[in-house]
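>
Number of protein chains: 2
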Amino acid sequence: MNGAECLLRTLLINGVNVCFMNPGTSEMQFVSALDRVPEMRGVLCLVEGVCSGAADGYARMLGKPASTLLHLGPGLANALSNFHNARKARSPVISIVGEHSTQHLPYNAPLTADIPAFARTVSNCVRVLETPDQMGPAASAAVEAALRPPGQISTLIIPADFSWSPAGSVGERVDVRPRSIPGPEKIRHAASILRSEARVGILLGGSSLLRPGLLAAGKIGAASRTLILADRNAARYERGCGLFAPKRIPYFPEPANDLLAGLAHLILVETQPPVSFFGYPGQRSLVAPEDCEYHVLASPEENGAAALEMLAAELGADAPPAETPPSNARSVPEEGPLTPSVIGQIVAAMLPEGAIISDEMVSSSEAVWPHLGSALPHSHLPVTGGSIGQGLPVALGAAIACPDRKVVALEADGSAMYSLQALWTIARENLDVTVVIFANRRYRILDVERERTKAGSFGPRANDMIDIGRPDIDFVLLAKGLGIPATRVDTSRAFAARFRLAMEERGPSLIEAVLCS
Amino acid sequence: MNGAECLLRTLLINGVNVCFMNPGTSEMQFVSALDRVPEMRGVLCLVEGVCSGAADGYARMLGKPASTLLHLGPGLANALSNFHNARKARSPVISIVGEHSTQHLPYNAPLTADIPAFARTVSNCVRVLETPDQMGPAASAAVEAALRPPGQISTLIIPADFSWSPAGSVGERVDVRPRSIPGPEKIRHAASILRSEARVGILLGGSSLLRPGLLAAGKIGAASRTLILADRNAARYERGCGLFAPKRIPYFPEPANDLLAGLAHLILVETQPPVSFFGYPGQRSLVAPEDCEYHVLASPEENGAAALEMLAAELGADAPPAETPPSNARSVPEEGPLTPSVIGQIVAAMLPEGAIISDEMVSSSEAVWPHLGSALPHSHLPVTGGSIGQGLPVALGAAIACPDRKVVALEADGSAMYSLQALWTIARENLDVTVVIFANRRYRILDVERERTKAGSFGPRANDMIDIGRPDIDFVLLAKGLGIPATRVDTSRAFAARFRLAMEERGPSLIEAVLCS
């Protein structure tokens with residue numbers, strides 16, 4: 232058994248059975264080993280950022296790592312921006328990077344680069360394999376590190392000769408350390424604040440936005456005047472009819488300030504004090520009031536849902552949530568122009584139960600978000616690290632993770648172009664992914680950010696730098712060129728008809744929704 | 232004058248008048264300033280790797296830097312793989328990266344990342360601006376650093392508030408330090424070796440592959456039995472009829488070993504001892520004989536062409552080169568199946584004088600290369616750092632640099648998919664670029680590398696990981712979707728007809744050449 236096979240077997244023993252890959256010469260042994268270790272599913276991607284984004288989406292849905300297999304420093308470099316997002320999502324990922332063989336490394340060949348330096352930008356756990364017999368233990372340790380709460384990217388850099396050399400034994404199955412339960416003093420402290428007369432908020436982040444956390448938070452909200460809030464950049468929300476709906480902190484600081492106005496205390500669950508996405512001239516970065524006090528109920532490493540359950544019990548809060556989203560007839564708007572809000576209504580009305588939404592709508596997001604709250608229960612995968620280009624790869628990874636669930640990627644046109652190559656892998660794997668392109672032919676969010684950063688009015692040359700309609704990008708041709716059936720629509724009725732069809736059928740499709748301007 | 236305008240004006244004073252950009256919120260002031268500083272040409276790219284690759288191509292043609300404008304750490308991350316190639320090409324580039332405003336940085340917003348750590352992976356000169364009044368001097372210093380021989384990526388990280396704050400004065404015009412001339416002892420030493428009875432080679436790299444260096448090397452070759460060689464990963468070759476043609480070191484070690492067999496001495500001109508691209512089991516990495524002695528005539532920082540001229544004078548070698556490429560009737564092959572060699576013949580026959588070739592043919596490269604030597608004189612831009620995805624962006628940058636020259640991108644299908652987004656900017660700028668896609672539907676080079684790395688025969692699952700024909704990638708649809716006219720051909724006659732048309736007309740076009748398998 233060579234090193235490559237040893238690595239794959241060690242990953243498998245630890246439940247890691249998917250590898251998003253873009254291999255090169257230094258990874259040939261891993262590719263070859265796929266036929267000897269058929270339980271490992273190789274998923275080929277045309278560019279490395281698709282691999283890292285897919286691994287993020289996979290981890291957000293399953294809470295366990297996929298692996299990625301990348302070629303030397305530059306291959307890893309292409310994956311870093313989506314690894315940045317995965318890091319902010321606290322997604323566990325096993326990042327395997329091939330290195331030149333040890334005898335070749337001193338000679339400064341063209342592809343020679345400082346791979347650990349690339350890796351450390353997104354990964355606290357970076358290991359270069361030093362001898363071939365370490366392969367099994369190193370792979371086990373990489374899995375342990377990836378899964379250490381709250382989850383991280385664990386990088387294993389493997390010189391090519393250690394993958395072709397005989398390896399030692401397959402590594403052990405590692406114990407997954409569960410998230411620790413916050414101590415009773417944290418619970419009592421939070422309870423005492425909630426019992427005070429002050430205006431108090433609880434901000435849910437991380438895993439506390441899944442069902443158990445929402446249920447407990449809903450009870451606390453029902454039993455008190457507490458404002459229950461949601462981190463807008465958490466890895467995953469469970470949402471929809473019948474689920475308690477915390478209020479998501481808005482993107483821009485003014486509405487965020489308004490929502491949080493008057494809060495004397497903010498209790499943090501698996502998250503940090505909320506901050507605006509960007510800083511603006513003369514504006515504070517923290518969006519809670521200046522004199523707001525922060526209290527940690529559960530750190531990102533701890534079990535926020537368990538903490539909320541204990542807090543609910545401490546408060547005697549066992550009534551169902553006072554608030555549920557408005558029940559919704561799920562009516563579809565009549566014929567009319569296509570706006571983000573109209574798309575939101577239609578998607579909410581037609582989304583099947585258990586669907587997964589990958590959200591990279593950018594300027595369309597705030598208009599679509601409220602509608603989705605009344606859809607059937609589903610998972611929503613938001614922007615986490617803000618690095619553009621995550622939407623399609625995250626949808627791909629979520630679809631690999633959950634083959635029985637419909638995946639809908641809601642994607643801005645500008646953003647779609649950073650990782651468009653994901654469509655090919657979605658086609659290749661025949662995944663049940665519907666991509667909706669919000670086509671406004673512009674980096675629309677920058678029209679707003681320009682004003683906010685007081686960059687003045689744009690002249691024609693500046694304006695041209697945020698205009699992506701010259702030439703028009705034809706997403707129907709692009710999708711078809713990558714093997715995905717696609718159509719363009721520009722009215723609400725046409726969009727509703729196409730989206731309904733996509734929800735009824737299985738398999739990949741793309742709808743280019745041309746927004747009215 | 233705010234900081235952004237001060238930066239642009241300082242760049243302009245120093246002759247830097249092109250900026251390949253993918254801006255975001257933190258760069259809005261730079262975009263806005265484009266209308267106040269209209270001499271700065273902004274070139275919008277849909278993904279950051281296109282910006283960095285274009286800056287590389289630009290620098291290789293003009294020997295002066297373009298700037299790039301990227302958004303925060305993740306934006307820079309997407310540019311790193313092509314910056315790796317630019318670093319290996321020793322291309323001067325001014326990399327401007329926007330950072331969060333200083334007041335925002337401590338709060339760990341979603342996009343917060345360690346930008347200097349990203350930058351240092353490809354750049355020895357990384358500076359974070361510390362006060363707004365440093366802008367002018369810092370920009371001047373960045374230009375000086377980029378142009379310091381042999382050329383490098385010079386990174387300037389600018390907090391958003393320093394671009395919107397009032398700046399100090401515009402920075403000074405910096406003196407460009409010329410490459411130094413090697414001392415006479417180096418010349419005499421090389422001459423003494425050349426006068427010996429031993430078998431001697433001279434390996435040309437860096438700027439010595441431009442016309443003056445070729446001319447001098449040709450004289451030396453004519454006056455001695457010296458083997459004149461070319462670094463295969465240099466930034467740029469001047470090639471074609473009438474130009475002295477050093478022998479390029481082959482990609483694989485065996486033919487490289489054969490070419491260099493018997494060499495007792497290898498004289499290095501702006502390059503290092505030649506090494507194979509990858510290391511293989513049981514093979515040496517250096518391709519010259521084990522007992523070959525290396526001698527530096529000119530280091531990468533020095534002027535290799537001047538050194539060669541002095542060496543020729545020292546040797547009394549002033550006769551014209553003994554070797555020129557065979558004169559060529561530039562005949563076009565008859566109708567038949569399309570192979571890389573046939574494409575090479577046709578391109579060589581039809582390439583106009585002064586054309587620029589961007590070469591990312593990968594497995595097709597060795598078959599095409601010899602034919603191009605008999606084309607009319609042209610510039611050839613090879614793979615430098617080996618990071619896939621440079622071909623289309625380098626073509627884009629070269630076309631911006633040299634608008635009056637025809638640019639031909641010879642591009643493998645797999646490679647084209649890493650930076651396909653470059654096509655959109657080529658269309659948008661209406662550049663005179665002809666893209667030829669070598670479509671074999673496979674990461675073909677990996678069929679060879681699999682054997683070479685002794686990864687055994689591939690089973691069906693492994694084979695599937697290097698097969699990009701499932702589904703087929705339709706480059707005609709992809710190009711049209713990005714605004715470029717495109718056609719598919721699969722015979723030599725059809726290719727010749729299309730390529731001739733592309734050479735006669737101006738403007739962008741793409742030919743998908745389906746290779747016979």
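Chains as they are written, first to last, in this note's numbering: chain A, 232 to 748; chain B, 232 to 748.
Don't be surprised by glycine CBs; every beta carbon is placed ideally from N, CA and C.
1) Check this for me: beta carbons of A308 (chain B) and F349 (chain B), under 8 Å apart or not?
2) Measuring alpha carbon to alpha carbon, tell me which of B:A580, B:I325, B:S400 and B:M541 ends up nearest S723 (chain B).
3) Would you verify that the beta carbon of F730 (chain B) is, or is not, closer than 8 Å to some beta carbon of chain A?
4) Assuming S438 (chain B) contacts G444 (chain B) under a Cβ cut-off of 8 Å, what Cβ separation, rounded to an integer in Å, is found between them?
5) Can you find a CB in chain A that lies within less than 8 Å of the CB of E680 (chain B)?
6) Are the beta-carbon atoms of L546 (chain B) and V500 (chain B) separated by less than 8 Å?
7) For the beta strand (DSSP E) containing E330 (chain B), list its first residue and its last residue.
8) Count the CB pairs spanning the stretch 479-495 of chain A and the stretch 507-517 of chain A that are closer than 8 Å, and state whether there are at least three.
9) Go through the stretch 536-599 of chain A residue by residue and report every complete run of the beta strand (DSSP E) that reaches 3 residues or more, in order.
10) Going by DSSP, name the residue or residues bridged to M252 (chain B).
11) Using 8 Å as the threshold, is the C-beta distance between M259 (chain B) and T684 (chain A) below it?
12) Per DSSP, what are the beta-bridge partners of C356 (chain B) in this structure?
13) Which residues in the same chain have their Cβ closer than 6 Å to the Cβ of G399 (chain B), if we skip the five residues on either side of it in sequence?
14) Can you tell me the Cα-Cα spacing of K478 (chain B) and G452 (chain B), whole angstroms?
15) Return the first residue and the last residue of the beta strand (DSSP E) that L528 (chain B) is part of.
16) Measuring straight from C-alpha to C-alpha, what distance separates G329 (chain A) and E680 (chain B)?
17) Would you say V666 (chain A) and L709 (chain A) are within 8 Å of each other, going by their C-beta atoms?
18) Using 8 Å for Cβ pairs, my map puts L664 (chain A) next to L627 (chain A). What's the rounded Cβ distance?
19) Can you tell me whether DSSP reads G432 (chain A) as helix, strand or coil?
20) Going straight from the alpha carbon of H331 (chain A) to that of L435 (chain A), what length do you get?
21) I'd like to know whether the C-beta atoms of G234 (chain A) and K295 (chain A) end up nearer to each other than 8 Å.
22) Once you ignore the five residues that flank V506 (chain B) on each side, which residues in its own chain have a CB closer than 8 Å to its CB?
23) Starting from D489 (chain A), find everything on chain B with Cβ-Cβ shorter than 8 Å and list it in chain order.
24) Closest by CA to P552 (chain B), which one among B:Q576, B:L474 and B:G449?
25) At least one CB of chain B closer than 8 Å to the CB of P341 (chain A): is that the case?
26) How is S610 (chain B) classed by DSSP in three states: helix, strand or coil?
27) Going along chain B in order, which residues have a C-beta closer than 9 Å to the C-beta of I704 (chain A)?
28) Against M252 (chain B), what residues of chain A qualify as contacts under a CB-to-CB distance less than 9 Å, listed in chain order?
29) What does a CB cutoff of less than 6 Å around G402 (chain A) pick up in its chain, not counting 5 residues either side in sequence?
30) Taking Cβ positions only, does N248 (chain B) come closer than 8 Å to chain A?
31) In terms of residue numbering, what span does the beta strand (DSSP E) encompassing T665 (chain A) cover?
32) Would you list, in chain order, the members of the stretch 634-649 of chain A that have their beta-carbon closer than 8 Å to a beta-carbon of chain B?
33) Which ranges would you report for the alpha helix (DSSP H) in the stretch 612-683 of chain B if only whole runs of at least 4 residues count?
34) Please go through the same chain and pick out, in chain order, the residues whose beta-carbon is closer than 6 Å to the beta-carbon of L441 (chain A), but skip the five residues on each side of it.
35) Measure from the C-beta of D663 (chain B) to each C-beta in chain A and report whether the shortest distance is under 8 Å.
36) Starting from the beta carbon of A658 (chain A), find every residue of chain B whose beta carbon is closer than 7 Å, and list them in chain order.
On the basis of the data shown:
1) To locate residue 308 (chain B), count along the second sequence from 1; it is residue 77. To locate residue 349 (chain B), count along the second sequence from 1; it is residue 118. Contact annotation: A308 (chain B) and F349 (chain B) have beta-carbon atoms nearer than 8 Å.
2) Against the second sequence, residue 723 (chain B) aligns to sequence position 492. Checked all of B:A580, B:I325, B:S400 and B:M541; the closest Cα to S723 (chain B) is B:A580.
3) Sequence index remark: in the second sequence, residue 730 (chain B) carries index 499 (1-based). By this cut-off, F730 (chain B) is not an interface position.
4) By 1-based counting over the second sequence, the position of residue 438 (chain B) is 207. By 1-based counting over the second sequence, the position of residue 444 (chain B) is 213. By a beta-carbon distance limit of 8 Å, S438 (chain B) contacts G444 (chain B). Their separation comes to about 7 Å.
5) Stepping through the second sequence from its first residue, residue 680 (chain B) is reached at position 449. Residue contact with chain A for E680 (chain B): present (Cβ-Cβ distance below 8 Å to some residue of chain A).
6) As a first step, residue 546 (chain B) must be located in the second sequence, where it is residue number 315. As a first step, residue 500 (chain B) must be located in the second sequence, where it is residue number 269. Cβ atoms of L546 (chain B) and V500 (chain B): not closer than 8 Å.
7) For this step, residue 330 (chain B) is matched to residue 99 along the second sequence. Residues V324 to E330.
8) A contact exists between the stretch 479-495 of chain A and the stretch 507-517 of chain A.
9) Counting only runs of 3 or more, we get 587-591.
10) Working through the second sequence from its first residue, we reach residue 252 (chain B) at position 21. Partner(s): B:L275 and B:L300.
11) Counting from one through the second sequence, the residue named residue 259 (chain B) turns up at place 28. Counting from one through the first sequence, the residue named residue 684 (chain A) turns up at place 453. One thing to note: M259 (chain B) has its Cβ within 8 Å of the Cβ of T684 (chain A).
12) The residue you call residue 356 (chain B) lines up with position 125 of the second sequence. DSSP output for C356 (chain B) lists B:S385 as bridge partner(s).
13) One-based indexing of the second sequence puts residue 399 (chain B) at position 168. Apart from sequence neighbours up to five positions away, the residues of its chain that approach G399 (chain B) with a beta-carbon distance below 6 Å are D364 and G367, ordered along the chain.
14) As a working mapping, residue 478 (chain B) is identified with position 247 in the second sequence. As a working mapping, residue 452 (chain B) is identified with position 221 in the second sequence. In a straight line, the C-alpha of K478 (chain B) is about 11 Å away from that of G452 (chain B).
15) Here residue 528 (chain B) is taken as the residue at index 297 of the second sequence, counted from 1. Residues E524 to A529.
16) Residue 329 (chain A) sits at position 98 when you count from the first residue of the first sequence. Residue 680 (chain B) sits at position 449 when you count from the first residue of the second sequence. Here the alpha carbons of E680 (chain B) and G329 (chain A) stand approximately 14 Å from one another.
17) Translated into the one-based positions of the first sequence, residue 666 (chain A) becomes position 435. Translated into the one-based positions of the first sequence, residue 709 (chain A) becomes position 478. Result no, Cβ atoms of V666 (chain A) and L709 (chain A) do not sit closer than 8 Å.
18) Along the first sequence, read from residue 1 onward, the residue named residue 664 (chain A) stands at position 433. Along the first sequence, read from residue 1 onward, the residue named residue 627 (chain A) stands at position 396. Just to set this straight, residue 664 (chain A) is Val in the shown sequence, not Leu. About 7 Å; that satisfies the 8 Å criterion.
19) Numbered from its first residue, the first sequence carries residue 432 (chain A) at position 201. In the structure shown, G432 (chain A) sits in a strand (DSSP, three-state: E or B).
20) Along the first sequence, read from residue 1 onward, the residue named residue 331 (chain A) stands at position 100. Along the first sequence, read from residue 1 onward, the residue named residue 435 (chain A) stands at position 204. Between H331 (chain A) and L435 (chain A), the alpha-carbon positions lie close to 44 Å from each other.
21) Counted from its first residue, the first sequence places residue 234 (chain A) at position 3. Counted from its first residue, the first sequence places residue 295 (chain A) at position 64. Result no, Cβ atoms of G234 (chain A) and K295 (chain A) do not sit closer than 8 Å.
22) The residue given as residue 506 (chain B) occupies position 275 in the second sequence. Result list for V506 (chain B): S516, L517 and V518, in chain order.
23) On the first sequence, position 258 is the one that residue 489 (chain A) refers to. Within 8 Å of the CB of D489 (chain A), no CB atom of chain B is found; the nearest one sits about 19 Å away.
24) As a position in the second sequence, residue 552 (chain B) is number 321, starting the count at 1. P552 (chain B) has its Cα closest to that of B:G449, out of B:Q576, B:L474 and B:G449.
25) In the first sequence, the residue the question calls residue 341 (chain A) occupies position 110. P341 (chain A) belongs to the set of residues whose beta carbon lies under 8 Å from a beta carbon in chain B.
26) Start at 1 with the first residue of the second sequence, and residue 610 (chain B) comes out as number 379. Reduced to three states, the DSSP call for S610 (chain B) is strand.
27) For the purposes of this step, residue 704 (chain A) is taken as the residue at position 473 of the first sequence. Taking a Cβ-Cβ threshold of 9 Å, the residues of chain B close to I704 (chain A) are L277, W655, G712, L713 and G714, in chain order.
28) Start at 1 with the first residue of the second sequence, and residue 252 (chain B) comes out as number 21. Chain A residues near M252 (chain B): M696.
29) For the purposes of this step, residue 402 (chain A) is taken as residue 171 along the first sequence, with counting starting at 1. The residues T241, G367, P368, A370 and S371, in chain order, have a CB closer than 6 Å to that of G402 (chain A) in the same chain once the five nearest residues on each side in sequence are set aside.
30) Looking up residue 248 (chain B) in the second sequence gives position 17. The beta carbon of N248 (chain B) sits no closer than 8 Å to any beta carbon of chain A.
31) Locating residue 665 (chain A) in the first sequence gives position 434, where the first residue counts as 1. First-last of the beta strand (DSSP E) with T665 (chain A): V664 to A670.
32) Cβ contacts with chain B: G645, M648 and Y649.
33) As summarised for the stretch 612-683 of chain B, the continuous alpha helix (DSSP H) elements at least 4 residues long and confined to that stretch are 622-632, 644-647, 653-659 and 676-683, given in chain order.
34) Counting from 1 along the first sequence, the entry for residue 441 (chain A) is found at position 210. The answer, listed in chain order, is E469.
35) Walking along the second sequence from the start, residue 663 (chain B) turns up at place 432. Judged by the 8 Å Cβ criterion, D663 (chain B) is not in contact with chain A.
36) Numbered from 1 along the first sequence, position 427 holds the residue referred to as residue 658 (chain A). Within chain B, the C-beta atoms nearer than 7 Å to that of A658 (chain A) come from P702, in chain order.
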